[in-house]
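Just below is one structure, and these are the notes that go with it.
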Amino acid sequence: MLELEFAQLSDPGRVRGHNEDFLGHLAPDSPERARSHGWLFALADGVGGQDLGEVASRTAVESMLEGFPEAAPGEPHSSVLTRLVQTANTRVYETGREAGPGGVRMATTLVACALRFDRATVAHVGDSRCYLIRRGLAAQLTRDHTLVNDQVRIGVMSAKEAARAETRHVLSRSLGNDLFVSVDTSEHQVLPGDVLLLCSDGLHGAVPATELASILAHNVGHNGLQAAAQRLIELANEEDGSDNVTVQLIRIQSVERIGMYRGRPYKLR
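By this note's numbering, the letter at position 21 of the sequence shown is numbered 32, and the numbering carries on one by one without gaps.
Below you can see the structure in the form of structure tokens.
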């Protein structure tokens with residue numbers, strides 16, 4: 012059976028007076044639920060400059076956590092997360108429309124990771140990220156939905172130009188702006204010792220991926236996940252501190268290798 016440990020922290024940073032990030036998780040309450048539904052982690056970053064960012068992020072995460080247990084046992088996580096993110100988008104959109112006369116425009120990013128057996132499925136909208144840290148190297152499993160990143164992807168702008176662009180934080184996609192949203196999902200095999208990092212741009216905008224991997228490689232084994240999460244928060248505030256910083260760390264302890272036959276899992280030896 013999949014076994015893991017996790018730590019999560021959120022900090023307002025050194026400049027902002029309140030925290031518009033929100034996070035949450037849902038753990039299975041039995042081995043049967045671990046196999047039928049698995050674990051869920053979710054993190055959201057309310058869009059700055061718009062009203063009620065903290066309401067948008069909380070609404071999105073709580074919607075994900077509320078819907079996850081209602082999925083059909085064994086349903087592929089890719090379809091579960093896609094549906095849940097769409098539902099969360101609708102919830103944020105409608106909450107904004109009901110927030111005052113004429114409605115209030117509010118939006119949020121969202122990254123979610125569901126784990127079961129030996130697989131991690133990641134879904135995201137916006138620029139909150141998920142990394143896989145393995146053997147001291149960090150692989151980014153998400154693609155930022157920002158205007159400059161979209162331009163890099165089609166060859167209009169170089170990566171160096173994007174890193175310096177004043178518009179690098181402007182989102183091209185987020186939850187709550189429209190009634191429907193496009194969701195990116197991906198599935199990845201996980202191994203014992205892997206660490207998954209979910210974070211808001213308050214972290215990845217201040218600390219390069221190579222440094223994130225180095226810090227986690229050193230701290231996770233020596234001081235534990237909670238200390239590693241705290242060190243990431245501290246470093247983001249030291250390097251920048253102008254934004255909220257939120258971190259979820261998930262360390263894989265053991266996995267259950269499975270194969271699929273006609274949509275049904277079977278254990279591999």
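Just so it is clear, CB atoms sit at the ideal spot from N, CA and C, and this is done for glycine as well. These figures come from a predicted structure and were not determined experimentally.
Counting only the same chain and skipping the five closest in sequence on each side, list residues whose C-beta sits under 7 Å from that of Pro23. His29, Asn30, Asn255
Run through DSSP, which three-state label would Leu158 get? helix
Measure the Cβ-Cβ separation of Pro80 and His48 and say whether it is below 8 Å. yes
Go through its chain and collect everything with a Cβ distance to Val181's Cβ below 7 Å, but skip five positions before and after it. Thr157, Leu158
For Ala149, which of helix, strand or coil comes out of DSSP? strand
Are there 16 or more other CB atoms within 10 angstroms of the CB of Phe52, so buried, or fewer, so exposed? buried
Could you please give the first and the last residue of the uninterrupted alpha helix (DSSP H) stretch that includes Ser90? 88-108
Find out if the Cβ-Cβ distance for the pair Ala99, Ala71 is shorter than 8 Å. yes
Okay, do the stretch 246-263 and the stretch 204-222 touch, 3+ Cβ pairs below 8 Å being the bar? yes
May I ask which residues mark the beginning and end of the alpha helix (DSSP H) holding His215? 212-215
Val266 and Thr196 - do their beta-carbons sit closer together than 8 Å? no
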